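Going by my numbering, the sequence shown opens with residue 163, and the numbers climb by one from there.
Positions of the beta carbon are idealized from the N, C-alpha and C atoms, including for glycine.
Predicted model only: the values in this text are computed from it and were never measured.
Okay, so here's the structure we're looking at.
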Amino acid sequence: MKSFKIIFISLILLLSFQTKLFAEIRYVDFKYVLNESKAGKEAQNYLKKKLDNGIKDLKAKEKSIQDEEKKLIQQKKLISAEEYKKQVKALREKVSSLQTKRNNLLDTVAKQRAKARSELLKTLNPIIKDYMTQNTIRLVLEKKSILLADEKLNITKEITDLLNKKLKSIKLN
């Protein structure tokens, strides 16, 4: 009987400790916070527009180069071999320049995206720390690293609202 009481009391203590431990754990969907916060959406829209405009400009230049190439092929028999080689070399330089511009555009957008993410996360860390202190939370996990959890432990919406109040926009230039 005495061993039963010890096991019973141990079980109750374990369950109360486990309940308390789970009450101190929450999770956040950082992808949602970064994509759905005001500053995050604004940054994404800016970067998407910049990329789309850059690609549109590059496609127009690519079309122009293709037209030059067709024109050059048609003139191949009409111009001297030396002039043809000279024009082919100039055309290749234009293609190379276009590829460089495309790579520069992609690099610039990638760097600005990383900068925006970094600034959002830099602002987000103190917000989460304050939230943890105010709500006596000991551990905040990222949602993507959790297999299954109670939706009541999700604090994504609250964190997004706090971020929206603190950070209105991100300067990317």
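Please classify L324: is it buried, with 16 or more other beta-carbons within 10 angstroms of its beta-carbon, or exposed? Buried: at least 16 other Cβ atoms inside 10 Å.
In terms of DSSP beta bridges, what is I187 paired with? DSSP lists L301 as partners of I187.
Going by DSSP, what residues sit across from N316 in a beta bridge? Answer by DSSP bridge pairing, in chain order: Y189.
If we require 4 or more residues per run, which alpha helix (DSSP H) segments fall completely within the segment 220-295? Segments of the alpha helix (DSSP H) lying fully in the segment 220-295: there are none.
Once you ignore the five residues that flank E304 on each side, which residues in its own chain have a CB closer than 6 Å to its CB? Result list for E304: F192, in chain order.
Rounded to whole angstroms, what's the CA-CA distance from E186 to L310? Just pull it up for me. Annotation: E186 to L310 spans about 17 Å, alpha carbon to alpha carbon.
Using 10 angstroms around the beta-carbon of N287, count the other beta-carbons present and answer buried if the total reaches 16, otherwise exposed. Counting the other CB atoms within 10 Å of its CB gives N287 a total below 16, which places it among the exposed residues.
Is K306 helix, strand or coil by DSSP? Reduced to three states, the DSSP call for K306 is helix.
Is it the case that the Cβ atoms of Y189 and I308 are separated by a distance below 7 Å? It is a contact, given that the beta carbons lie within the stated cut-off.
Just to confirm my understanding: we take L267, look at its own chain, exclude 5 residues before and 5 after, and list those with CB closer than 6 Å. What are they? Once the five neighbours on either side are set aside, the close Cβ partners of L267 are G216.
Check L324 in the structure and name its three-state DSSP category. Shown here, L324 sits in a helix according to DSSP, grouped into three states.
Going by other Cβ atoms of all chains shown within 10 Å of its Cβ, with 16 needed for buried, is L240 buried or exposed? Burial call: exposed.
For the candidate residues D312, E320, E313, E281, whose alpha-carbon lies nearest to that of A201? Among D312, E320, E313, E281, the Cα nearest to that of A201 belongs to E281.
Just mark I317 as buried or exposed, buried being the case when its beta carbon has 16 or more other beta carbons within 10 Å. Buried is the call here.
Excluding the 5 residues flanking L315 on each side, which residues of the same chain have their C-beta closer than 8 Å to its C-beta? Same-chain partners within the cutoff: F184, I187, R188, Y189.
Buried or exposed, going by whether 16 or more other CB atoms sit within 10 Å of the CB of L196? Burial check for L196: the Cβ neighbour count within 10 Å reaches 16 or more, so the residue is buried.
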